[in-house]
Structure formats: C-alpha cells, structure tokens
Amino acid sequence: MDIFLQQLINGIVLGSIYSLVALGYTLVYGIMGLINFAHGDIVMVGAMVAFTVIHLLSGSGLPMFLIAGIGILAAILVCMAVGYLIEKVAYRPLRGAPRLAPLITAIGVSMLLQNLAMMIWGRGYLSFPALLPAISIPVAGAGISAVQILIVCASAAMMSGLSFLVKKTKLGNAMRATAQNREVATLMGVNANAIISITFIIGSALAAVAGVMVSAYYGVAHYDMGFILGLKAFTAAVLGGIGNIEGAMLGGLLLGIIESMGAGYLGAITGGVMGSNY
Amino acid sequence: MMQGAKLLEVEHVSKNFGGLAALSNVSLTICQGEIYALIGPNGAGKTTLFNVLTGICRPDSGNFRLNGVEMGGKKPSAMAEAGIARTFQNIRLFSNMSAIENVMVGRHCRTKAGILGAIFKDRATRAEEKSIREKAAHLLEYTGIARHAHMLARNLSYGDQRRLEIARALATEPLLLALDEPAAGMNHSETDSLGTLLEAIRADGITILLIEHDVKLVMGICDRLAVLNFGEKIAEGTPTEVGKNPHVIEAYLGGS
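Structure (structure tokens):
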C-alpha cells in the first residue's frame with residue numbers, strides 16, 4: 001500500500017473537517033473581532049444530537065440513509081438554535097465592552113456546554129453508529145472509504161455555497177460591510193444585530209455537520225471532543241489569516257495534511273524519538 | 279432662495295459630553311429642496327448635530343422631525359429608512375470592497391430579500407439583486423466614477439472616495455443628504471465639479487445639508503446657512519445676511 005498517497009487522502013479528509021470548523025471561527029472573528037472559544041463545543045453538540053437521534057430511530061425500520069439524514073438535520077437545527085442563543089444571551093450584552101470580557105465569556109460558555117453535555121450524555125465514550133457501509137475503493141495502491149468520499153464532497157459543497165453566499169448575495173454584501181465598519185453599515189439600513197445572529201447561525205450549522213462527520217469518521221462521540229478539535233480548527237483559522245474565509249479553508253486543509261503526514265512519517269524520520277502521538 | 283415645505287425641523291436639541299456642551303438648545307428648519315449649510319469654527323458642534331440626525335448619538339434633550347415625524351433617539355438603520363443619509367468628514371468607506379459593492383450596500387434599506395432568499399435564490403430575489411446592481415452602476419455613473427466600479431474603495435483617489443461616499447449615501451434614496459465637509463482636501467477644480475454635482479443632486483429633488491469650511495463653495499451654492507459656535511446657533515440666514523452679522527465676524531475673526 002502506498003503510504004504517502006494514503007496519508008494524503010486521510011489528511012485531505014481530516015483537513016476538510018477542520019476547514020468547516022475553522023470557517024465558524026473566522027466568520028465570527030471577521031464580523032465582531034471575537035474568538036468564539038465555544039465554537040468547538042458546538043461541534044460536539046452536533047455530534048451528540050445526531051448520535052441521540054440516530055440511536056432513537058435505529059429500531060424504527062427506516063433505511064439507514066434516511067435515519068442519518070434526519071440525524072444530521074436535527075444536529076444542524078439544534079446547533080443553529082444553540083449558536084443563536086449563545087450570541088444573544090452571552091455576547092450581545094457585552095457589545096461595546098472591552099475585548100477581553102467577551103473572550104473570557106466565550107471560555108465560560110465552552111465550559112458550560114461541556115458540563116451540560118456531560119450531564120446529558122454522560123462521561124463515557126459513545127460509540128457512533130456507522131452511517132455508510134465500510135467499503136474501500138482502491139486508488140493506486142491506497143484506499144478511499146465511502147465515508148471519506150462523502151466527507152470531502154459535502155465539505156466542498158458547503159464551502160462553495162458559503163463562498164457564493166458571502167461574495168455574491170445581498171446578505172453577503174451586508175455581512176462584509178458589517179465586518180469592515182459596523183457603524184457605517186447600520187447607516188445604510190443594515191441591521192447589524194441581525195447580521196451577527198445570522199453569522200453565528202451559519203457558523204453553527206457548519207459546526208454541526210463537522211461534528212457528525214468527525215464522529216462518523218472515528219466512530220466515537222464524547223463530551224469534550226470539541227476542545228481539541230476546536231483548538232486545531234482555531235489554529236487552522238489563524239494559519240489562513242483569521243477573518244479570511246478562503247484562508248480558513250486552506251488553513252484547515254493544510255493542517256489536516258500536515259497532521260496526517262506527521263502521523264505517518266514522524267516516527268520514521270526521527271528514528272522513533274517522536275511518534276504518531278505528536 | 280427656494281421655499282418648499284418644511285422637511286427637517288430641529289427643536290431645542292442639546293447634547294453634552296461630560297461637562298462640555300457640544301450642542302446647546304439648537305433649533306433650525308430646513309425646507310424641501312434647499313441647500314442648507316452649517317458653518318462654524320472647529321469644535322462648534324456641527325458633526326455632533328450630524329451624529330444626532332443620523333442616530334449615532336441621542337440628544338440629551340430636544341427633538342427633531344422629518345416631514346413632521348418625530349425622529350429623536352431612533353436607531354441609525356431607522357434614520358436611513360426614514361430618509362436621512364450622510365457622508366463622513368474622515369472618509370468611512372468599506373475599504374476592502376469594490377466601489378460598486380459599496381454602493382450596493384447602500385441599497386440595503388430599500389430592498390427586502392433576506393437569508394431565505396439568499397439561500398434559495400427565488401425569482402423575486404434574483405430580480406431584486408439585478409436591480410440593486412443596475413441602480414448602483416447608475417449612481418457611479420451619476421457621480422462620475424463609473425470607470426472605477428470594480429476597483430477596491432481604498433485604491434480610489436481621495437476625491438473619488440468622497441464621490442463614492444456620496445453615491446453610497448444616494449443609494450439609500452434619501453430625502454435629506456447630509457454631507458460632512460465633502461470638499462475637504464480637494465483642489466479648486468475638484469471643488470468646482472463637486473459644486474456642480476451638488477446642484478444636480480438638488481435638481482433631482484434631494485435636500486442637502488452641508489458642513490463645509492470652503493467659504494467660496496458654501497457662499498456659491500447654499501440658499502441659507504446657520505453658524506454654530508461653542509454649540510450654540512449664533513446666526514442664520516442667506517449668505518449675504520450672515521456675512522454681515524457682527525456675531526459671525528466676531529466668532530471667526532475674534533473681536534474685542
């Protein structure tokens with residue numbers, strides 16, 4: 001088996017998930033200059049909600065793709081609501097406060113979400129059901145699984161949809177205007193609060209899908225899975241230039257490939273001093 | 279002097295910043311179709327009055343009416359919807375968006391499509407977005423910067439940035455266009471052609487409120503003007519009347 005090609009494929013799959021999460025960080029940062037540390041935990045909420053819904057429906061006799069679809073849809077809707085509420089309850093009262101205040105609040109919201117999730121879904125690892133049959137398509141000595149193909153295609157579709165929304169629509173125009181100068185945008189009749197809410201809702205929807213992808217890929221969901229994932233996605237967003245949408249996509253992809261190559265080669269390169277645990 | 283119906287009535291507006299009275303008890307009336315200028319030394323409260331009129335700050339007391347509707351203390355987006363648009367003394371464009379996109383943002387308060395339209399792209403939304411783009415292109419033509427439509431706003435020359443601010447303000451279809459020092463930093467020929475543009479805007483039925491230090495421009499195009507000094511209105515009238523007013527001469531030249 002070709003290790004390089006295999007790791008490249010794995011890296012692209014991982015990277016497209018990071019990109020989706022990184023977009024949430026970058027969108028919110030672009031519009032209000034806030035690093036929303038709770039974003040990673042929204043990913044977790046998405047995974048957990050999908051887990052619960054799929055679990056509940058699994059005995060109903062519906063076909064698996066339909067169950068998975070309902071699970072993803074439920075995750076998206078719940079995450080949108082959670083994202084909207086977080087912004088409304090936690091960040092909106094701090095509009096105009098020094099920047100450190102919302103940042104600390106974001107860390108607080110992250111802890112709150114993790115602990116709530118622990119109370120609801122417990123402390124253990126939940127084994128996430130396989131959404132697609134475990135088939136592997138051979139490609140030049142490496143293999144691509146059905147889940148991997150789905151992850152990459154869905155990510156690409158959502159990212160191009162987002163690009164189109166931001167660049168070519170009236171809503172996107174208003175979002176970019178609000179990001180560049182909120183006060184002047186309101187003078188043009190843009191309702192800045194509504195734009196900020198919509199930004200959180202869009203970011204949370206992407207996070208929900210990323211959460212389902214990550215859990216379906218690794219087969220587990222856990223109440224603090226959002227922490228490390230969020231940190232990596234945040235790194236990807238910074239790598240691409242935070243606030244920059246294409247940057248977040250590329251940063252995520254690059255980070256995924258680097259991580260996967262590292263896992264594949266670091267042990268060999270360093271003679272076993274550093275292994276895939278880095 | 280044009281005497282139309284009363285468009286803007288400012289009544290006893292006061293605004294303090296800490297102990298400083300930026301505006302004290304200012305009243306003035308602007309009629310439909312006028313070019314009305316606001317002059318006064320730096321720090322006289324001119325820009326504060328603009329901020330009150332566009333909802334950026336609330337008056338401490340007093341109120342103002344646009345076409346008879348009480349407006350004091352409303353939000354900036356509501357002011358835009360009611361028909362007050364402005365430009366800024368220090369240019370505030372969306373600098374990383376192209377010229378035409380800047381103007382398209384200005385159409386926001388006159389168009390309806392929301393998030394669902396943006397996602398599903400139904401026929402009404404597509405038609406609306408087409409009309410937004412056409413209207414924006416027309417306004418760039420009107421203000422004389424159509425050739426720069428796809429340049430980023432920050433790469434435009436200074437004079438063109440000022441014109442772009444005017445085009446963006448016009449995109450909100452204002453009844454009252456408030457211009458904060460539009461000729462600042464312009465040379466003579468640029469100032470002259472700005473004067474021509476303002477006359478054209480007025481001829482299209484838009485009332486103009488103008489803050490300007492360029493005395494030649496002000497005296498040349500305005501119908502009436504008010505003079506502010508330390509937050510108080512010290513004179514009002516036609517350019518000739520105001521030019522003879524002893525209070526004005528004292529405020530500008532310092533007198534004993």
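These protein sequence lines map, in sequence, to chains A and B. Using our numbering, the first residue of the first sequence is number 1, and each one after it goes up by one. Using our numbering, the first residue of the second sequence is number 279, and each one after it goes up by one. By construction, the Cβ of each residue, glycine as well, lies at the ideal position given by its N, Cα and C atoms.
>> Pop quiz: residue 362/B and residue 478/B are said to be a contact at Cβ under 8 Å. What is the actual Cβ separation, rounded to whole angstroms?
In response: Between residue 478/B and residue 362/B the Cβ distance is about 20 Å, and since that is not below 8 Å, they are no contact.
>> Here's the rule: buried if 16 or more other CB atoms are within 10 angstroms of the residue's CB, otherwise exposed. What is residue 279/B?
In response: Confidence at residue 279/B is low in this model, with a pLDDT of 43, below 50, so the placement of that residue is unreliable and no value is reported for it.
>> So, under 8 Å CB-CB, residue 31/A and residue 175/A are touching, yes? Tell me the CB distance rounded to an integer number of Å.
In response: 7 Å
> If we cut at 8 Å on Cβ distances, does residue 174/A have a partner in chain B?
Replying inline: yes
>> Please classify residue 111/A as buried or exposed, where buried requires at least 16 other C-beta atoms within 10 Å of its C-beta.
In response: exposed
> If you measure from the beta carbon of residue 456/B to each beta carbon in chain A, is any gap under 8 Å?
Replying inline: no
> Measuring CA to CA, which of 76/A, 171/A, 126/A is closest to residue 210/A?
Replying inline: By alpha-carbon distance to residue 210/A, the top candidate from 76/A, 171/A, 126/A is 76/A.
> Counting only beta-carbon atoms, is residue 375/B nearer than 8 Å to chain A?
Replying inline: yes
> Going along chain A, which residues have a C-beta under 8 Å from residue 372/B?
Replying inline: In chain order: 176, 177, 180, 181, 184, 185.
> Between which two residues does the beta strand (DSSP E) carrying residue 459/B extend?
Replying inline: Segment: none, residue 459/B is in no beta strand (DSSP E) and carries neither H nor E.
> Starting from residue 284/A and walking both ways along the alpha helix (DSSP H), at which residues does that stretch end?
Replying inline: Any question about residue 284/A goes unanswered here, given that chain A covers just 1 to 278.
>> Counting C-beta neighbours from all protein chains within 10 Å, is the total for residue 298/B 16 or more, i.e. buried, or is it exposed?
In response: So residue 298/B counts as exposed.
> Is the beta carbon of residue 283/B within less than 7 Å of some heavy atom of the ligand SAM?
Replying inline: For the structure depicted, the ligand SAM is absent and the ligand set is empty, with no information on it obtainable.
> Along the segment 239-271 of chain A, what residues have a CB closer than 7 Å to any CB found in chain B?
Replying inline: Of all residues in the segment 239-271 of chain A, none comes within less than 7 Å of chain B when Cβ atoms are compared.
> Is there at least one Cβ from chain B nearer than 8 Å to residue 296/A's Cβ?
Replying inline: Since the displayed chain A opens at 1 and closes at 278, residue 296/A lies outside it and no answer follows.
> Got a sec: which bits of the segment 86-115 of chain A sit with their beta carbon under 8 Å from any beta carbon on chain B, in order along the chain?
Replying inline: Cβ contacts with chain B come from no residue of the segment 86-115 of chain A.
>> In the DSSP assignment, the beta strand (DSSP E) including residue 536/B goes from what residue to what residue?
In response: With chain B covering only 279 through 534, there is no way to say anything about residue 536/B.
>> I'd like the span of the alpha helix (DSSP H) that includes residue 502/B, first residue to last.
In response: Where residue 502/B is concerned, there is no enclosing alpha helix (DSSP H), although the beta strand (DSSP E) it sits in stretches over 502-507.
> Going along chain A, which residues have a C-beta under 8 Å from residue 382/B?
Replying inline: 170, 173
> Beta-carbon of residue 358/B versus every beta-carbon of chain A: anything under 8 Å?
Replying inline: By the rule that beta-carbons nearer than 8 Å mark a contact, residue 358/B touches chain A.
> Are residue 189/A and residue 358/B touching if we call contact CB-CB under 8 Å?
Replying inline: yes
> Going by other Cβ atoms of all chains shown within 10 Å of its Cβ, with 16 needed for buried, is residue 314/B buried or exposed?
Replying inline: buried
> residue 399/B by DSSP, collapsed to three states: which one?
Replying inline: coil
> Ordered along the chain, which non-local residues of its own chain (more than five positions away) have a Cβ less than 7 Å from that of residue 417/B?
Replying inline: 381, 445, 448, 449
> Using a Cβ-Cβ cut-off of 6 Å (strictly less than) and excluding sequence neighbours within five positions of residue 7/A, which residues of its own chain qualify?
Replying inline: 260, 261, 264
> Buried or exposed: which applies to residue 119/A, given that a residue is buried once 16 or more other Cβ atoms fall within 10 Å of its Cβ?
Replying inline: Residue 119/A is exposed by the Cβ-count criterion.
> Hey, residue 171/A and residue 165/A are a contact pair by Cβ (cut 8 Å); roughly how many whole angstroms apart?
Replying inline: That pair is a contact at about 7 Å.
>> Could you check whether the Cβ of residue 379/B sits closer than 8 Å to any Cβ belonging to chain A?
In response: yes
>> Less than 8 Å between the C-beta atoms of residue 335/B and residue 329/B, yes or no?
In response: yes
> Among the residues of its own chain, which have a CB less than 8 Å from the CB of residue 307/B, if the five just before and after it don't count?
Replying inline: 284, 286, 287, 288
>> Check whether the segment 129-146 of chain A and the segment 187-205 of chain A are in contact - that is, three or more C-beta pairs closer than 8 Å.
In response: no
>> For residue 471/B, which residues in the same chain have their Cβ closer than 8 Å to its Cβ, ignoring the five residues on either side in sequence?
In response: 422
> Looking only at C-alpha atoms, which of 442/B, 390/B, 408/B sits nearest to residue 424/B?
Replying inline: The shortest CA-to-CA distance from residue 424/B to any of 442/B, 390/B, 408/B is the one to 442/B.
> Pick from 312/B, 364/B, 345/B: whose alpha carbon is nearest that of residue 331/B?
Replying inline: 364/B
> Quick one: what's got a C-beta closer than 6 Å to residue 239/A's C-beta in the same chain, skipping five residues either side?
Replying inline: Same-chain partners within the cutoff: 251.
> So the beta strand (DSSP E) residue 91/A belongs to, where does it begin and stop?
Replying inline: Segment: none, residue 91/A is in no beta strand (DSSP E) and carries neither H nor E.
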